[in-house]
Amino acid sequence: MGQDPLRISPRIILHIDMDSFYASVEMQKRPELRGKPVVIGADPKNGKGRGVVATCSYEARAFGIRSAMPISQAFSLCPHAVFLPPDFPLYARTSSEIMTCLRGFGFLFQQVSIDEAFLDLSPLGSFSAAYGLATEVKTSIRTATGLSCSVGVAPAKIVAKIASDFQKPDGLTVVEEGQAASFLAPLPVGKIPGIGKKSEQELNGIGIRSIGDLAAYDIQRLTTIFGRGGFALHGIALGIDDSEVKERDGMKSVSRETTFEQDTDDLSTIVVVLDSLVEDIHRDLVGEEFRFRTVTVKIRYEGFVTKTRAKTLMHYTDSKRTLRNSAQELFRVLWEGGRIRLIGLRISSLEKNDARQTTLDCSGWQDTFS
Ligand code: TTP
Ligand code: CA
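The number in the working numbering is simply the position in the sequence shown, starting from 1, with 602 added.
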């Protein structure tokens, strides 16, 4: 049987996400760490340390350790784990190698975070050809860096992203055209990017446990509860996402955010975390040789109210002290004293110290930043 000539060829999107990225880079550098629980983050100081876990190896995850958990809790879960401070310039260099490798495949490319990217494989014309290319992508990244990644291939970006997470680590999941809604239906709603633990609980509270429950939920009621976001959520549940893979011209911003394990209004805890965001962003800044002019602080309170406040300086700078002072000043003005769920820091209006094109782009906030 011949193909219908009017049939539009499918959109085929690939999403790639490196496995336990910072921890894997450390284990690649020091092979004696392989197979061990490795935790990257703040100094645990024998259980008395403040600050949080950036990430950890899958061996450490078996002990219940997770990103953004207080480092003291990680220490009590697994005191014999190897605790390491982050080496951001090394992660930025490895990220550049990965992104260069991905660009080399010649498809439309979009980096979305330090360890994630999309490729638009639609020109291949079939999901079987895309599967073949996905295996090549995995092999070439392993050859270039020694690292494993997980890949999702699907007819839409958000479905590809959920698919890349489906069989982690070292996974490859293909969701063909017409199968998105049925692939998503049995998954917990928390698998939708942007739905954190708290929102998942809120959705569970109105009887929505799986993405299928969300797809079947009355859209009017969803918009009453979640406002305009209700529409988008409902579309996502059906696998509908027309957003394009967009090439970005260089780095527009660098951002970091931390979600507290428990909402907090303890100023000293908040200041320690804000300071660690300053340190992280400043390391990237120095590693990538650029300067900034705009600083933005974001606070999300319990109940999901999100506030941001930005400040643009008179001159470009790469001073850590200026970054810290601006962050603290913005925080003081912004904070109304309530319990905080998440705090974020972003620098933008960036200028390279030289003309070298950078591939690092941590502007994963762009969608949520108001
Ligand atoms: P992720 O891709 O979320 O996590 P991961 O690569 O460590 O693990 P996974 O296999 O589940 O994908 O984040 C990429 C890197 O970003 C991660 O290695 C460390 C950093 N990061 C933080 O510093 N803090 C955080 O809260 C998170 C989630 C990530
Ligand atoms: Ca990852």
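We treat Cβ as the ideally placed atom computed from N, Cα and C, and that holds for glycine. Computed from a predicted structure; not experimentally measured.
(1) If you measure between the beta carbons of Leu925 and His884, is that distance less than 8 angstroms?
(2) In whole angstroms, what separates the C-alpha of Thr745 from that of Glu938?
(3) Taking buried to mean at least 16 other C-beta atoms within 10 Å of its own C-beta, is Ser697 buried or exposed?
(4) Smallest Cα separation from Asp785: which of Gly946, Gly807 and Val761?
(5) Just list the residues that DSSP pairs Val640 with in beta bridges.
(6) Tell me whether Pro681, by its Cβ, gets closer than 7 angstroms to a heavy atom of ligand 1.
(7) Measure how close the beta-carbons of Ala662 and Ala683 come, nearest whole angstrom, since I'm counting them as under 8 angstroms.
(8) Report the start-end ranges of each alpha helix (DSSP H) in the segment 673 to 761 that is 4 residues or longer and not cut off at the edges.
(9) If I measure Cβ to Cβ from Ser951 and keep anything under 7 angstroms in the same chain, skipping five residues before and after, which residues do I get?
(10) Identify whether Arg941 lies in helix, strand or coil by the three-state DSSP scheme.
(11) Going by DSSP, name the residue or residues bridged to Ser950.
(12) Write down the C-beta distance between Arg652 and Thr871 rounded to the nearest angstrom, noting that I regard them as a contact closer than 8 angstroms.
(13) Give me whichever residues DSSP pairs with Met620 in a beta bridge.
(14) Which word fits Leu616, buried or exposed, when buried means at least 16 other C-beta atoms lie within 10 angstroms of its C-beta?
(15) What residues does ligand 2 have around it, judged by CB closer than 6 angstroms to any heavy atom, in chain order?
(16) Shorter than 7 angstroms, the distance from the beta carbon of Ala929 to the closest heavy atom of ligand 1, or not?
(17) Excluding the 5 residues flanking Leu887 on each side, which residues of the same chain have their C-beta closer than 6 angstroms to its C-beta?
(18) Out of curiosity, what's the CA-to-CA distance linking Arg613 and Ser742?
(19) Let me know the secondary structure DSSP gives Ser812 once reduced to three states.
(20) Should Ser622 be labelled buried (16 or more other beta-carbon atoms within 10 Å of its own) or exposed?
(21) Verify the CB distance criterion: does Arg830 have a CB-CB separation below 8 angstroms to chain B?
(22) Measure the CB-CB distance between Ser750 and Asp772 and report whether it falls below 8 angstroms.
(23) Figure out for me which residue from Thr657, Met701, Gly889 and Ser857 has the closest Cα to the Cα of Pro687.
(24) Name the one or two DSSP bridge partners that Pro633 has.
(25) For ligand 1, is there a heavy atom less than 7 angstroms away from the beta-carbon of Ala783?
(26) So does Lys631 have its beta carbon nearer than 7 angstroms to some heavy atom of ligand 1?
(27) What first and last residue would you give for the alpha helix (DSSP H) that runs through Tyr819?
(28) Mind checking whether Ser752 and Lys763 have CB atoms under 8 angstroms apart?
(29) What number of angstroms, rounded off, separates the C-alpha of Gly748 from the C-alpha of Gln630?
(30) Compute the Euclidean distance between the alpha carbons of Asp815 and Leu840, then round it to the nearest angstrom.
(31) State the Cα-Cα distance for the pair Phe729 and Thr775, rounded to the nearest angstrom.
(32) Please classify Val847 as buried or exposed, where buried requires at least 16 neighbouring CB atoms within 10 angstroms.
(33) With a threshold of 16 other CB atoms inside 10 Å of the CB of Ile808, please say whether the residue is buried or exposed.
(34) Between which two residues does the alpha helix (DSSP H) harbouring Gly873 extend?
(35) Given a cut-off of 8 angstroms on the beta-carbon distance, is the pair Glu802 and Val791 in contact?
Quick answer:
(1) yes
(2) 50 angstroms
(3) buried
(4) Reading off the sequence shown, one finds Phe at residue 785, where the question assumed Asp. Closest option to Phe785, Cα to Cα, is Val761.
(5) Val684
(6) no
(7) 5 angstroms
(8) 673 to 679, 690 to 705 and 729 to 747
(9) Phe894, Arg895, Thr896 and Thr914
(10) coil
(11) Ser855 and Thr896
(12) 7 angstroms
(13) Cys751
(14) buried
(15) Asp619, Met620, Phe623 and Asp717
(16) no
(17) Asp920
(18) 24 angstroms
(19) strand
(20) buried
(21) The structure shown contains no chain B; it is built from a single protein chain.
(22) yes
(23) Thr657
(24) Paired residue(s): none; Pro633 is not in a bridge.
(25) no
(26) no
(27) Note, Tyr819: premise wrong, no alpha helix (DSSP H); not H, not E.
(28) no
(29) 7 angstroms
(30) 11 angstroms
(31) 11 angstroms
(32) buried
(33) exposed
(34) First, the amino acid is wrong: residue 873 is Val here, not Gly. Leu869 to Glu890 is the extent of the alpha helix (DSSP H) around Val873.
(35) yes
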